[in-house]
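Undergrad:
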Amino acid sequence: MKNRKKGLTGSMTVEASMALPLFIFFFVNIMTLFNILKVQVDIEAALHQTGSELSLMAFDLAHGKELITGDEGSGAIETIAGAGGLVMAREKIRDYLGEGIDNSCVSGGFDGISFLQSQVLMGNDIIDLVMDYKVHPMIPAIGFKEIPVEGRFYGHAWTGYDISMGLVTEGTEEEMVYVTENGEVYHRDVDCVHLKIKVESVDKKDLSHLRNRDGKIYYACEYCGGSVGAGNVFITGYGTRYHTSVSCPGLKRKIYTIPISEVGGKRPCSACG
């Protein structure tokens, strides 16, 4: 009986010594998958934010405004077309991602990300930012050493509305106005104060009784609102989301240029209409 008990104990020890490393291996790689998903979300948010900013810069250049970058007073006029735009986009994305990208699951960190497929205003009004990179598990395994991943922003620069495609009859030019996605008014001036988003900081515990100007309640932002427990959050007068970061891409307002004949039931803005 004693020899039998010793043999059973030894067998359990051998099984445990084999099973425990396998358990640790799979657990660590499952955690790596969550890290990969987080990195993908961060990269997509950085691409969306950068692409939107380049679109706005293109609007200023198309309307004869000088684009001033760098230190205040330097007077450096930049172009966002071609290679200059790619360099600018790369630096902006790096700033949004921060130093954490170099210590993440991305092979080679930020320097391991390729922008070779990206194009910015290359003979057209398209901004196409493509980030190709590889992610790796914490513990490499056969057939699972590195996985290629691609992030992309594809959009049209805000260079204005083309009124030459059958929208204008000879001798007449229809007035173009500016509207927002859910706004009830139209604007004649793109720099109107009512087109600028006013962001307010409020205590999250007060959200239950706060309403926007349309009487709607605030929900968590799909980009940044899901992780906050308490403290201050950011809201806007006409938005329906609350945000934990003032730089969240969800805080950017979409402005559309349309002919005044298409405003429908929208009324003129009290400030510029």
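Each residue of the sequence shown is one higher than the last, beginning at 0 in numbering that gives the first Met the number 0.
A virtual CB, placed ideally from N, CA and C, is assigned to each residue, including glycine.
Keep in mind that this is a model prediction, so the values were computed, not measured.
#1: Work out the CA separation of P248 and Y222 for me, nearest whole Å.
#2: Exposed or buried, A57, counting other C-beta atoms within 10 Å across all chains shown (16 or more means buried)?
#3: Hey, quick one: how far does the beta strand (DSSP E) through Y132 stretch, first residue to last?
#4: Just the C-alpha distance for G238 and E173, rounded to the nearest angstrom, thanks.
#5: Would you give the residue range spanned by the alpha helix (DSSP H) that V148 belongs to?
#6: Which partner residues of S117 appear in the DSSP bridge assignment?
#7: Can you tell me the Cα-Cα spacing of I146 and Y132, whole angstroms?
#8: Please report the distance separating the alpha-carbon of F233 from that of S200.
#9: Alpha carbon to alpha carbon, what distance is there between K253 and G272?
#10: Does the distance from the CB of I259 to the CB of M130 come in under 8 Å?
#11: Whether or not the segment 30-48 and the segment 84-98 are in contact is what I'm after, with contact meaning three or more pairs of Cβ atoms, one per stretch, closer than 8 Å; do they touch?
#12: Taking V86 as part of the alpha helix (DSSP H), name the residues at either end of that continuous run.
#13: On a CA-only basis, which of G84, C104, I125 and E52 is nearest K144? Give me that one, please.
#14: What residue from S51, I29 and V176 has the CA that sits closest to K265's CA?
#15: Consult DSSP for E180 and reduce its assignment to one of helix, strand or coil.
TA: Let's see:
#1: 8 Å
#2: buried
#3: I125 to V134
#4: 31 Å
#5: Premise fails: V148 lies in the beta strand (DSSP E), I146 to H155, not in any alpha helix (DSSP H).
#6: S117 is not bridged to any residue.
#7: 8 Å
#8: 5 Å
#9: 19 Å
#10: no
#11: yes
#12: A82 to L96
#13: C104
#14: V176
#15: coil
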